[in-house]
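This report refers to the structure that appears directly beneath it.
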Amino acid sequence: MEPVLKYVRRWGALVAAVIFFSLWCVAEAGRMGPAGGYGVSNTGLDSWPGTWPLVLMTLAIATASWKPLVSLGFTVALLAGQLSHALPPMASNHWAIYLGSFVALGFILWTAPRRLRYIAAGANVVAAAIMAFLMLSWRYGNGVGWYPPAYAGDRWMLQDYGWQLFALLLLIAGSCAAVGLLLALYQERGSLFRARELAQSSLKETEIDLIVEQERTRIARDLHDVLAHSLAVIAAQADGTRYLSKDQPKAVLNALDTIARSARSALVDAQRVIEGVRDDGMVTPQPRLSDIPALIEGMQRGSLKVHRSESGTSVELSTGQQMAVYRIVQECLTNALKHGGRGTDVRLHFDWSGPGLTLHVASALDPGQAGAGDPSSSRVGRGLPGMRERAHLAGGWLTAGPDGEHFRVTVFVPYGTREAREADDTACAEAGGSLTEIADAEAQPLLAAIGLQQAAIAREVHDRG
820 MEPVLKYVRR
830 WGALVAAVIF
840 FSLWCVAEAG
850 RMGPAGGYGV
860 SNTGLDSWPG
870 TWPLVLMTLA
880 IATASWKPLV
890 SLGFTVALLA
900 GQLSHALPPM
910 ASNHWAIYLG
920 SFVALGFILW
930 TAPRRLRYIA
940 AGANVVAAAI
950 MAFLMLSWRY
960 GNGVGWYPPA
970 YAGDRWMLQD
980 YGWQLFALLL
990 LIAGSCAAVG
1000 LLLALYQERG
1010 SLFRARELAQ
1020 SSLKETEIDL
1030 IVEQERTRIA
1040 RDLHDVLAHS
1050 LAVIAAQADG
1060 TRYLSKDQPK
1070 AVLNALDTIA
1080 RSARSALVDA
1090 QRVIEGVRDD
1100 GMVTPQPRLS
1110 DIPALIEGMQ
1120 RGSLKVHRSE
1130 SGTSVELSTG
1140 QQMAVYRIVQ
1150 ECLTNALKHG
1160 GRGTDVRLHF
1170 DWSGPGLTLH
1180 VASALDPGQA
1190 GAGDPSSSRV
1200 GRGLPGMRER
1210 AHLAGGWLTA
1220 GPDGEHFRVT
1230 VFVPYGTREA
1240 READDTACAE
1250 AGGSLTEIAD
1260 AEAQPLLAAI
1270 GLQQAAIARE
1280 VHDRG
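Each number in our numbering comes from the position in the sequence shown (counting from 1) with 819 added on.
Given below as structure tokens:
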């Protein structure tokens, strides 16, 4: 029903105008061409006195849906032309052409705004009164075949029959207007139902999101308290042991210092991942390329031998790209320590000479643990997929795999344009929290549990909804 009404609302007035004109041409075909003078048969619309009224009323119907004021203008033009004797008055066989104005009124009340509806209704009331006068007055319609001529004047004719004819015209106009208003109310009712369904659906989705967000906030708060307490205790115990054990070998003291620093760093990173956004709505600071030297220094205290080199002239990357490069380097160094052990040689090379930054990372493999660093092994962690996802979101790519006695990672991040970098900053900022969970999930199992528990909560809320 709705598609049909939509089609009729758009094209109905034009179709009605064609039907109105065609029916009048068929009905008055035998009267449109009276015999002309001098033996010439003058047949056609050009000789029929109702031609101009029919054309004007047809145009009034055709333009009712698109140009309501223009439609009313055609009716006014017809009545003004007949009052001024510029157009022929209605005859007894075509006075019903006036009804085209009421058909146009129905379409106006269906499609026009509220203000134009009032204007059209008032204009048609006035037009009905003028039509009644034109049909009854002996100067114009001569009673149009209904009443005897009243050449003595219009007073008695209008007094006796005026209100009757005026009421009849208003009844016809009211019927057309009622059809238009009913169609308009039906479509408005359908629109209200659709709006209500959409509002209910949005409210339900918002309620589910609110429940999930509340549970996520509770889990994050609890997990933050647990991690803060545990990591703070680890850092305090490591620092206390180091201060109380001055006579221990240097390697032991360095290990205790590394434990304390790593615990404090993990506490800060965990807070970034869990909170994501501060209470004032500002995104927490994300690591940049300038933080990589401090990262390398911290890993070197953990007995990694990191050799960094650069070639070419460095280019300013977007915030999201810098964060992606930092996290990839962090993951590479963590994997090197985990799979290669203490004393592993790691080489980092930043190549700025191409259309983008090319990062080469090569770390020596422990012969006894070579299979652990192989991505094709049976145990697949989240480190490599997380790095690939970061490189992809930064606009580049990443390859990783064993190469003889080394495990090599190659990353390419294009420089891009300023517009692309701004768009990338927005995208990476929105995805920053989830990407951090992916990259740090293997090193911090508790953080990975957040995503699993949140997914389970979302599924449960969805099933209940």
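All C-beta atoms, glycine included, are put in the ideal place defined by N, C-alpha and C. Because the structure is a prediction, the values reported are computed rather than measured.
In terms of residues, what are the limits of the beta strand (DSSP E) holding residue i?
| i | result |
| --- | --- |
| Ser1130 | Lys1124 to Ser1130 |
Per DSSP, residue i forms a beta bridge with which residues?
| i | result |
| --- | --- |
| Val1228 | Val1180 and Ala1219 |
| Gly1175 | Pro1233 |
| Asp1170 | Ser1130 and Thr1177 |
Check residue i in the structure and name its three-state DSSP category.
| i | result |
| --- | --- |
| Pro1165 | It should be pointed out that residue 1165 corresponds to Val in this sequence rather than to Pro. Strand at Val1165. |
| Trp1298 | What is shown of the chain runs 820 to 1284, which leaves residue 1298 out entirely. |
| Gln1056 | helix |
| Ala1039 | helix |
| Ala1213 | coil |
| Ala835 | helix |
| Thr930 | helix |
| Met950 | helix |
| Gln978 | helix |
| Gly941 | helix |
| Gly960 | coil |
| Arg1107 | coil |
| Ala846 | helix |
| Met1206 | helix |
| Ser1021 | helix |
| Trp965 | coil |
| Tyr1005 | helix |
| Gln1067 | coil |
| Asp973 | coil |
| Trp867 | coil |
| Ala1076 | Going by the sequence as given, residue 1076 is Asp instead of Ala. Of the three classes helix, strand and coil, the one that applies to Asp1076 here is helix, per DSSP. |
| Asp1028 | helix |
| Leu906 | coil |
Kindly indicate which residue of the options has the alpha-carbon position closest to the one of residue i.
| i | options | result |
| --- | --- | --- |
| Met909 | Gly964, Tyr937 and Gly1205 | Gly964 |
| Met1142 | Ala1210, Glu1024 and Gly1173 | Ala1210 |
| Glu1116 | Val1045, Glu1135, Lys825 and Gln1149 | Gln1149 |
| Asn912 | Lys886, Ala905 and Thr870 | Thr870 |
| Trp929 | Asp973, Trp830, Ala1014 and Leu1046 | Trp830 |
| Gly1173 | Arg1127, Val1230 and Tyr1145 | Val1230 |
| Ser1081 | Asp973, Thr1153 and Leu1136 | Thr1153 |
| Gly919 | Leu955, Ala848, Tyr959 and Ser841 | Ser841 |
| Val1052 | Lys1069, Ile1078 and Val1071 | Ile1078 |
| Arg1083 | Lys1065, Leu1063 and Leu1050 | Leu1050 |
| Val823 | Pro887, Gly1139, Gln1033 and Tyr1005 | Tyr1005 |
| Val1144 | Leu924, Tyr917 and Leu1108 | Leu1108 |
| Val998 | Phe926, Asp1066 and Ser1010 | Phe926 |
Straight-line CA distance for residue i to residue j?
| i | j | result |
| --- | --- | --- |
| Arg1120 | Asn1073 | 7 Å |
| Leu1212 | Arg934 | 53 Å |
| Pro932 | Cys995 | 17 Å |
| Ile991 | Ile1027 | 54 Å |
| Gly1131 | Glu1224 | 28 Å |
| Val922 | Ala915 | 12 Å |
| Ala899 | Glu1016 | 50 Å |
| Asp1076 | Thr1060 | 10 Å |
| Leu875 | Leu987 | 22 Å |
| Gly1214 | Phe1226 | 24 Å |
| Arg828 | Ser884 | 8 Å |
| Ser956 | Leu906 | 16 Å |
| Leu1184 | Gly1159 | 5 Å |
| Tyr788 | Ala1219 | The displayed coordinates of the chain run from 820 to 1284. Any statement about residue 788 would go beyond what the structure contains. |
| Asp979 | Ala1014 | 53 Å |
| Ser1128 | Tyr1234 | 19 Å |
| Glu1208 | Val1228 | 14 Å |
| Met1206 | Glu821 | 51 Å |
| Leu1178 | Pro1204 | 17 Å |
| Leu1002 | Leu924 | 13 Å |
| Leu1046 | Arg1037 | 14 Å |
| Arg1008 | Met950 | 35 Å |
| Asp973 | Phe952 | 9 Å |
Counting only C-beta atoms, is residue i closer than 8 Å to chain C at any point?
| i | result |
| --- | --- |
| Lys825 | Among the protein chains of the structure shown there is no chain C, as only one such chain exists. |
If you follow the alpha helix (DSSP H) that residue i is part of, which residue opens it and which one closes it?
| i | result |
| --- | --- |
| Pro887 | Pro887 to Leu902 |
| Gln1119 | Ile1111 to Arg1120 |
| Gln1140 | Thr1138 to Gly1159 |
| Thr870 | Thr870 to Ala881 |
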